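Before any comments, here is the structure.
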Amino acid sequence: MNERQIIDLLRTMTAADAPDLLQGIGDDCAVIRKNRQQSWLVTMDTLVESVHFDRSWHPPDKLGRKVISVNVSDIAAMGGTPVFVFLSLGLPAGFEVRWLTQFSRGMADACREYHCLLAGGDTVRSPSGVLVTVAVLGEMQTNRVVFRNGARVGDSVWVSGSPGRAVAGLELCRIGREDDPAFAELVEAHLNPQPRLQLGRWLAWNRLVHAMMDLSDGLATDLAHICTQSEVGAVIDPNGLRADRSLAAAAIMLHKDPGQWMLTGGEDYELVFTAAKRKSAAIVELAEKLRIPVARIGRIDDKQGVRTLQFPSGRNHPVEVDITFSGYDHFPGQEEDQPFRSGKL
Ligand code: ADP
Ligand code: MG
Numbered sequence: 011m012n013e014r015q016i017i018d019l020l021r022t023m024t025a026a027d028a029p030d031l032l033q034g035i036g037d038d039c040a041v042i043r044k045n046r047q048q049s050w051l052v053t054m055d056t057l058v059e060s061v062h063f064d065r066s067w068h069p070p071d072k073l074g075r076k077v078i079s080v081n082v083s084d085i086a087a088m089g090g091t092p093v094f095v096f097l098s099l100g101l102p103a104g105f106e107v108r109w110l111t112q113f114s115r116g117m118a119d120a121c122r123e124y125h126c127l128l129a130g131g132d133t134v135r136s137p138s139g140v141l142v143t144v145a146v147l148g149e150m151q152t153n154r155v156v157f158r159n160g161a162r163v164g165d166s167v168w169v170s171g172s173p174g175r176a177v178a179g180l181e182l183c184r185i186g187r188e189d190d191p192a193f194a195e196l197v198e199a200h201l202n203p204q205p206r207l208q209l210g211r212w213l214a215w216n217r218l219v220h221a222m223m224d225l226s227d228g229l230a231t232d233l234a235h236i237c238t239q240s241e242v243g244a245v246i247d248p249n250g251l252r253a254d255r256s257l258a259a260a261a262i263m264l265h266k267d268p269g270q271w272m273l274t275g276g277e278d279y280e281l282v283f284t285a286a287k288r289k290s291a292a293i294v295e296l297a298e299k300l301r302i303p304v305a306r307i308g309r310i311d312d313k314q315g316v317r318t319l320q321f322p323s324g325r326n327h328p329v330e331v332d333i334t335f336s337g338y339d340h341f342p343g344q345e346e347d348q349p350f351r352s353g354k355l
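For any residue, its number in my numbering is found by taking its place in the sequence shown, counting from 1, and adding 10.
Structure, rendered in structure tokens:
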């Protein structure tokens, strides 16, 4: 049973309907009506030692920031604003007070930056390793919330920033190059990702996009969720996805394909979104104003799955190759090998 099948089982077994639950399981946040105009956005993410982070290379203050940032990223993916934070912390016996103090400082810094407040939580002893679950409550004008299921045939597919950096940073940490100044940006993308809160908010507020989500499991997998839920397909043109200089340099050093990193690496917390072609100029203008790079990487069509273009030598035309669900799964099926490493340990 893979991760999606587990979530589907939970959804089927506990199917619930309530008039104020505008979006339940299946999107980046649940959407719950707050009043006539506004909704609460609710999201929760868990980070587990040895699965999501390694204390030997992850500075505690950056980990504290990251547990907030990955949740704020889900709020950004719906176009909302974070308001309250809840923290459940599992600590092993004999944890260091210094570690906890620095972790808390990182969390507090991130909360200050995103203007949200720690409002509650739970503290328990963990049999082994640190376990952090954070839930964030955000708010949003209901009629401007952006869901995963709004992509339309003919839309352009866009992505912010440079996907693939976080998995490259992780690989560098794994070989002990976390302090190499040549790769500082990549390592930082893994240790301390920056959620695209402003971009998500403005895209939604200006009604520039039809569907949006954040990248946690890899571009191919996450875009596949938009496609499945919107009942469309997507084709990615790799010419739109250019590796920046440090990603290309790290790929050469580690004998990896930067294209695979960009398509399948996890934990980038960038935004992937689809928009009508006529909105392209407005999207570029907004991104320039916010100083956030965005790239148009493909289009939505009516064929199934997410495909990428390959250009075989000796052929005049590119061929489409299926890459649906080739990112990270916490419970990959026995028979389905994960083809590429993603951004988790
Ligand atoms: P994201 O990567 O955006 O945090 P996930 O892939 O973790 O989203 O989850 C996809 C959807 O499934 C979300 O709507 C999430 O709330 C829901 N979900 C995941 N795990 C569970 C669970 N154990 N119980 C109920 N809903 C879950
Ligand atoms: Mg998400």
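Backbone N, C-alpha and C define an ideal beta-carbon position, used for all residues, glycine too.
These numbers were taken from a predicted model, which means no experiment stands behind them.
Cβ pair residue i, residue j closer than 8 angstroms
i: aspartate 189; j: valine 245; result: no
i: alanine 120; j: glycine 74; result: yes
i: asparagine 218; j: valine 282; result: Position check: residue 218 holds leucine in this sequence, whereas asparagine was assumed. No.
i: histidine 340; j: glutamate 106; result: no
i: proline 205; j: valine 82; result: yes
i: aspartate 165; j: leucine 225; result: no
i: serine 170; j: isoleucine 333; result: no
i: arginine 184; j: leucine 257; result: no
Residue i Cβ short of 7 angstroms to ligand 1 heavy atom set
i: aspartate 55; result: yes
i: leucine 51; result: no
i: glycine 36; result: yes
i: leucine 147; result: no
i: alanine 42; result: The amino acid occupying residue 42 in the given sequence is isoleucine; alanine does not appear at that position. The answer is no for isoleucine 42.
i: leucine 20; result: yes
i: isoleucine 17; result: yes
Where residue i sits in the DSSP three-state scheme
i: proline 349; result: Low confidence applies here, because proline 349 scores a pLDDT of 40, under 50, leaving its location unreliable; read the following figure in that light. Of the three classes helix, strand and coil, the one that applies to proline 349 here is coil, per DSSP.
i: serine 79; result: helix
i: threonine 357; result: Any property of residue 357 remains undetermined from this structure, which presents the chain solely from 11 to 355.
i: aspartate 189; result: coil
i: serine 114; result: helix
i: arginine 306; result: strand
i: threonine 24; result: coil
i: alanine 360; result: Beyond the ends of the chain as shown, which are 11 and 355, falls residue 360; an answer cannot be given.
i: valine 163; result: coil
i: proline 342; result: coil
i: leucine 128; result: strand
i: proline 92; result: strand
i: glutamine 239; result: helix
i: glycine 204; result: Position check: residue 204 holds glutamine in this sequence, whereas glycine was assumed. Here glutamine 204 sits in coil by DSSP.
Beta-bridge partners of residue i, as assigned by DSSP
i: glutamate 330; result: Leu319
i: valine 134; result: Gly100
i: tryptophan 50; result: Ile42, Glu149
i: valine 282; result: Val169, Met223
i: phenylalanine 105; result: Partner(s): none; phenylalanine 105 has no beta bridge.
i: leucine 73; result: None, per the DSSP bridge assignment.
i: phenylalanine 63; result: Glu59
Closer than 7 angstroms: residue i CB and nearest ligand 2 heavy atom
i: serine 226; result: yes
i: aspartate 84; result: yes
i: methionine 223; result: yes
i: alanine 234; result: no
i: alanine 87; result: yes
For residue j and residue i, the rounded distance between their alpha carbons
i: arginine 306; j: serine 138; result: 44 angstroms
i: lysine 266; j: alanine 25; result: 43 angstroms
i: tryptophan 215; j: serine 114; result: 32 angstroms
i: alanine 261; j: valine 52; result: 37 angstroms
i: glutamine 344; j: isoleucine 16; result: Residue confidence is low: glutamine 344 scores 42 on pLDDT, short of 50, so the model does not pin down where it sits. No coordinate-derived value is stated.
i: arginine 158; j: glutamine 112; result: 36 angstroms
i: glycine 250; j: glycine 308; result: 7 angstroms
i: alanine 285; j: alanine 161; result: 7 angstroms
i: leucine 196; j: proline 268; result: 13 angstroms
i: glutamine 63; j: valine 142; result: Here residue 63 turns out to be phenylalanine, not glutamine, going by the sequence shown. Spanning the two alpha carbons is a distance of roughly 11 angstroms.
i: glutamine 270; j: glutamine 47; result: 42 angstroms
i: valine 146; j: glutamate 295; result: 30 angstroms
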